[in-house]
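Residue numbers (the working numbering): 17 to 188.
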């Protein structure tokens, strides 16, 4: 994972809000409609309506991974289609505001060790899920933000210098 990508996880508060600090050790590539996700991208619901393509790096088929939200038993060096979907993909329909969507990848201790889906999607806690299933620290993560189609991108910052109104700063 590049330094910029890792920094974006911190800036996007994925590290801190969702997971504790970790060192990425496995490649995680997420793409929607053939376009690779860049951490921190702002995507509209229409761009993420279809299930994403997710590719997992790793050291081979003998290692299994869990992708939260939520596919388990994914063999290394494959795509999530080779895993077991515990919770089906739902397209996003945020009613208002900006929503952060996070993919967190964990290495499983053994195939089949993550067999129970969470009871609720609402207020899902990635840390608690990892502890409950003995997953340890994440090995990769990715995220994007999403808002309604007509949203204006309220989290963008304008770093330009403010304009000085006419006559300001003039001493008489």
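From the three backbone atoms N, C-alpha and C, an ideal C-beta is built for every residue, glycine too. For clarity, every value in this text was computed on a predicted model and none was experimentally measured.
Check your understanding: Mind checking whether residue 120 and residue 73 have CB atoms under 8 Å apart?
Key -> In the chain shown, residue 120 corresponds to position 104, counting from 1. In the chain shown, residue 73 corresponds to position 57, counting from 1. With respect to the 8 Å criterion, residue 120 and residue 73 are not classified as neighbours on the basis of their beta carbons.
Can you tell me the Cα-Cα spacing of residue 155 and residue 165, whole angstroms? Here residue 155 is taken as the residue at index 139 of the chain shown, counted from 1. Here residue 165 is taken as the residue at index 149 of the chain shown, counted from 1. Residue 155 and residue 165: Cα-Cα distance of roughly 32 Å.
ask   = Based on Cα-Cα distance, which residue from 81, 100, 102 and 85 lies nearest to residue 92?
value = Walking along the chain shown from the start, residue 92 turns up at place 76. For residue 92, the nearest C-alpha among the options comes from 81.
Pull up the CB-CB distance for residue 55 and residue 86, whole angstroms please, since I reckon it's below 8 Å. Within the chain shown, the letter at position 39 stands for residue 55. Within the chain shown, the letter at position 70 stands for residue 86. Residue 55 to residue 86, Cβ: 20 Å. No contact.
Notebook entry, point to check: Between 126, 147, 118 and 131, which lies nearest to residue 45 when the distance is taken from Cα to Cα?
Noted result: The count along the chain shown starts at 1 and reaches residue 45 at position 29. Nearest to residue 45 by alpha-carbon distance, out of 126, 147, 118 and 131, is 118.
Notebook entry, point to check: Hey, residue 68 and residue 102 are a contact pair by Cβ (cut 8 Å); roughly how many whole angstroms apart?
Noted result: The residue labelled residue 68 in the question sits at position 52 within the chain shown. The residue labelled residue 102 in the question sits at position 86 within the chain shown. Between the beta-carbon of residue 68 and that of residue 102 there is about 16 Å, and that puts the pair past the 8 Å contact cut.
Report task. Please name the residue, chosen from 61, 37 and 146, that lies closest to residue 125 on a Cα-to-Cα basis. Result -> As a first step, residue 125 is located in the chain shown; it is residue number 109 there, counting from the start. Among 61, 37 and 146, the Cα nearest to that of residue 125 is on 146.
> How many angstroms separate the CA atom of residue 50 from the CA atom of residue 63?
Replying inline: Along the chain shown, read from residue 1 onward, the residue named residue 50 stands at position 34. Along the chain shown, read from residue 1 onward, the residue named residue 63 stands at position 47. Cα to Cα, residue 50 sits roughly 11 Å from residue 63.
Between residue 78 and residue 88, is the Cβ-Cβ spacing less than 8 Å?
In the chain shown, residue 78 corresponds to position 62, counting from 1. In the chain shown, residue 88 corresponds to position 72, counting from 1. Note that the C-beta distance between residue 78 and residue 88 is not below 8 Å.
For this session: Answer with buried or exposed for residue 90, where buried requires no fewer than 16 other C-beta atoms within 10 angstroms of its C-beta.
Result: Here residue 90 refers to the residue found at position 74 of the chain shown. With 16 or more Cβ atoms within 10 Å of its Cβ, residue 90 is classed as buried.
inquiry  = If we require 4 or more residues per run, which alpha helix (DSSP H) segments fall completely within the region 117-159?
reply    = The qualifying runs are 142-148.
Can the beta-carbon of residue 266 be found closer than 8 Å to that of residue 107?
-> For residue 266 there is no data in the structure shown, the boundaries of the chain being 17 and 188.
* To do: May I ask you to report which of helix, strand or coil DSSP gives residue 46?
  => Taking the first residue of the chain shown as position 1, residue 46 is located at position 30. Residue state for residue 46 is assigned as strand, using DSSP reduced to three classes.
| request: Note the first and the last residue of the continuous beta strand (DSSP E) segment covering residue 70. | output: The residue you call residue 70 lines up with position 54 of the chain shown. Counting along the chain, the beta strand (DSSP E) containing residue 70 begins and ends at 69-72.
Rounding to the nearest angstrom, what Cα-Cα distance links residue 163 and residue 113 in this structure? By one-based count along the chain shown, residue 163 stands at place 147. By one-based count along the chain shown, residue 113 stands at place 97. Between the alpha carbons of residue 163 and residue 113 lies a distance of about 6 Å.
Simplified DSSP state of residue 78, which is helix, strand or coil = Working through the chain shown from its first residue, we reach residue 78 at position 62. Note: residue 78 maps to coil in three-state DSSP.
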